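Q: I'd like to ask some things about the structure below.
Right, here's the structure in full:
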């Protein structure tokens, strides 16, 4: 049972490069999320998709774009990476937005130099 | 907007000592969830509390939701080295359909 799978696990980018983090879930969940985690800052929501076909900004959306490709997949794109985007990124999913358990992927460690 | 504050940020205990982390919201919550993240791992759901004054136990872990639904606590009795990690609370404003807001977490270290 894979749950939430995200790739890549590790990536080093140069400033200005672009990349896409891929995420897929096999739990038939409606809602998917992208969080970033920085030391002392907890988990901050970047974007979310409450259901297939919709996406909304979270707390820290600047510098990112997302695509809900289908019900299973939700990708996060950095168009022009900046050192401030060095972080650990977690994709997550839940059955719905309201009150449901959130299941996290294993994380993607991104370094921008 | 809604804020979820969590204290302490760090806690170092000797194995066998008790540990408590506290979570406080600026608004009344519809529910609160607790997650644990092991070092190098990802957050894993522990429990959800919904009712005012609710208390739930999982072995040595006791979770409480305040009467006013604005605060919560996680208490671990007789900590073990396997309890090491960061504990997050996450709550949703009772008056909105918004997403869960996570506290910044309490990082627990346990000295054998």
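Protein chains in written order, with the working numbering: chain H, 1 to 113; chain C, 114 to 225. No residue lacks a Cβ here, since even glycine has one placed at the ideal position from N, Cα and C. Quick caveat: nothing in here was measured; it's all calculated off a predicted structure.
#1: Under a CB-based cut-off of 8 Å, is residue 201 (chain C) close to chain H?
#2: How many angstroms separate the CA atom of residue 96 (chain H) from the CA atom of residue 216 (chain C)?
#3: Going along chain H, which residues have a C-beta under 8 Å from residue 68 (chain C)?
#4: Going by the beta-carbon positions, is the gap between residue 15 (chain H) and residue 112 (chain H) smaller than 8 Å?
#5: With a CB to CB cut of under 6 Å and the five nearest residues on each side skipped, what residues in its chain are close to residue 20 (chain H)?
#6: In terms of residues, what are the limits of the beta strand (DSSP E) holding residue 88 (chain H)?
#7: Compute the Euclidean distance between the alpha carbons of residue 65 (chain H) and residue 27 (chain H), then round it to the nearest angstrom.
#8: Which word fits residue 148 (chain C), buried or exposed, when buried means at least 16 other C-beta atoms lie within 10 angstroms of its C-beta?
#9: Would you say residue 161 (chain C) reaches chain H, if we count a Cβ-Cβ gap shorter than 8 Å as a contact?
#10: Rounded to a whole number of angstroms, what is the C-alpha to C-alpha distance between residue 32 (chain H) and residue 2 (chain H)?
#11: If I measure Cβ to Cβ from residue 158 (chain C) and keep anything under 6 Å in the same chain, skipping five residues before and after, which residues do I get?
#12: I need the straight-line Cα distance from residue 133 (chain C) to residue 119 (chain C), nearest angstrom please.
#13: If distances are taken between C-alpha atoms only, which option among C:117, C:156, C:185 and C:125 comes closest to residue 139 (chain C)?
#14: So what does residue 5 (chain H) bridge to, in DSSP terms?
A: According to the data block:
#1: Cβ-Cβ to chain H under 8 Å: yes for residue 201 (chain C).
#2: In a straight line, the C-alpha of residue 96 (chain H) is about 20 Å away from that of residue 216 (chain C).
#3: Past the edges of chain C, shown from 114 to 225, lies residue 68 (chain C), and the structure says nothing about it.
#4: Yes; because the gap between Cβ atoms is below 8 Å, this pair is in contact.
#5: Hits under 6 Å: 75 and 77.
#6: Looking at the DSSP string, the run of the beta strand (DSSP E) that includes residue 88 (chain H) is 87-94.
#7: About 24 Å.
#8: By the 10 Å Cβ count, residue 148 (chain C) comes out buried.
#9: Interface residue, yes.
#10: If I take the Cα positions, the gap works out to 15 Å.
#11: Closer than 6 Å at the Cβ level, and outside the excluded window around residue 158 (chain C), lie 148.
#12: Using only the alpha carbons, I get a separation of about 11 Å.
#13: In terms of CA proximity to residue 139 (chain C), C:117 leads the group C:117, C:156, C:185 and C:125.
#14: Paired residues: H:24.
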